[in-house]
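Below: one structure, written as structure tokens.
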Amino acid sequence: KAGVTQTPRYLIKTRGQQVTLSCSPISGHRSVSWYQQTPGQGLQFLFEYFSETQRNKGNFPGRFSGRQFSNSRSEMNVSTLELGDSALYLCASSLARGQGNTEAFFGQGTRLTVV
Amino acid sequence: AQSVTQPDIHITVSEGASLELRCNYSYGATPYLFWYVQSPGQGLQLLLKYFSGDTLVQGIKGFEAEFKRSQSSFNLRKPSVHWSDAAEYFCAVGARGSTLGRLYFGRGTQLTVWP
Numbered sequence: 001k002a003g004v005t006q007t008p009r010y011l012i013k014t015r016g017q018q019v020t021l022s023c024s025p026i027s028g029h030r031s032v033s034w035y036q037q038t039p040g041q042g043l044q045f046l047f048e049y050f051s052e053t054q055r056n057k058g059n060f061p062g063r064f065s066g067r068q069f070s071n072s073r074s075e076m077n078v079s080t081l082e083l084g085d086s087a088l089y090l091c092a093s094s095l096a097r098g099q100g101n102t103e104a105f106f107g108q109g110t111r112l113t114v115v
Numbered sequence: 116a117q118s119v120t121q122p123d124i125h126i127t128v129s130e131g132a133s134l135e136l137r138c139n140y141s142y143g144a145t146p147y148l149f150w151y152v153q154s155p156g157q158g159l160q161l162l163l164k165y166f167s168g169d170t171l172v173q174g175i176k177g178f179e180a181e182f183k184r185s186q187s188s189f190n191l192r193k194p195s196v197h198w199s200d201a202a203e204y205f206c207a208v209g210a211r212g213s214t215l216g217r218l219y220f221g222r223g224t225q226l227t228v229w230p
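Heads up: the protein sequence lines correspond to chains W and Z, in order.
Mapping to my numbering: the first sequence position 18 is 18, numbers consecutive.
Remember, my numbering sits 115 above the position in the second sequence when you count from 1.
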């Protein structure tokens, strides 16, 4: 069974550009969440999608957005990149929303560097 | 507000020694509790989880954790550490009755293992 796949693994962008990151969840998983990991702030929740709808959102500016497709694949977009957006972006998938006795599986992440 | 505290930023142990990583949480009710491990440049791997029932839970790689409601703690233990256990460890909580997609993480404990 394939795990959570994130593409690309590494990205270098220039300040002011925009970027799109992709996440393919485990087959059958319908919930996809995104996290930003930085040395200064640790792991911070960005948003969660379930059935193509954003169900939960963390405390990030509107430059951070996302979407989920009918096959549960998800993308996140960051517009007008800032140096502080340099981070490891992690995607996690889980079987269903609000279901007990389940768990979140994480991808290997996309390392974004803004120069 | 939910929060997770891992008081130890960095722990160093000798191979074969026992290990305990501390985790305290603040939450209005009993949350779902998790321990994840992260190797450099990688995503998060679930070590173990607590949802309900027996407060001592067993995980992969010989790890266990004990939920203590009175102390709001969920400490991770291993009786004999192997050099391959060197990594960063994260404690996380998720809300019951809500989406598992939003996890609150501690700042992590970096484990160094001396040969």
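Cβ coordinates follow ideal geometry from the N, Cα and C atoms, glycine included.
task: Would you mind reading off the limits of the beta strand (DSSP E) that contains Glu-179/Z?
output: In the DSSP annotation of this structure, the continuous segment of the beta strand (DSSP E) that includes Glu-179/Z starts and ends at 179-183.
query: In whole angstroms, what separates the C-alpha of Gly-174/Z from that of Val-152/Z?
result: 12 Å
task: Grab me the residues of Leu-43/W's own chain with a C-beta within less than 7 Å of its C-beta, minus the 5 sequence neighbours each way, in chain order.
output: The answer, listed in chain order, is Tyr-35 and Gln-37.
message: For Thr-227/Z, which residues in the same chain have their Cβ closer than 8 Å to its Cβ, ignoring the five residues on either side in sequence?
response: His-125, Ile-126, Thr-127, Val-128 and Ala-201.
field: Pairwise C-alpha distance: Gly-109/W and Leu-308/Z
entry: Past the boundaries of the shown model lies residue 308/Z; chain Z is included only from 116 to 230, so the question cannot be answered.
Neighbour-count burial assignment, Thr-80/W, 16 or more Cβ in a 10 Å radius: exposed
message: Can you pull the chain Z neighbours of Glu-75/W, defined as C-beta to C-beta under 8 Å?
response: In chain order: nothing, as chain Z lies at least about 16 Å away.
Reference Leu-161/Z; option with closest CA among Gly-143/Z, Ser-141/Z, Ser-167/Z and Gly-177/Z: Gly-177/Z
field: Beta-carbon proximity list for Gly-16/W, same chain, < 8 Å, skipping 5 on both sides
entry: Thr-80 and Leu-81.
- prompt: Using a beta-carbon distance cut-off of less than 9 Å, what residues from the stretch 161-172 of chain Z approach chain W?
  reply: Leu-161, Lys-164, Phe-166 and Ser-167
task: Using a Cβ cut-off of 8 Å (strictly closer), state whether Arg-192/Z contacts chain W.
output: Among the CB atoms of chain W, none fall inside 8 Å of the CB of Arg-192/Z.
task: For Glu-52/W, I'd like the list of residues in its chain whose CB is within less than 6 Å of its CB, leaving aside the five on either flank, ordered along the chain.
output: Gln-68
query: Quick one: is Arg-137/Z near chain W, going by C-beta distance under 8 Å?
result: So no, Arg-137/Z is outside the interface.
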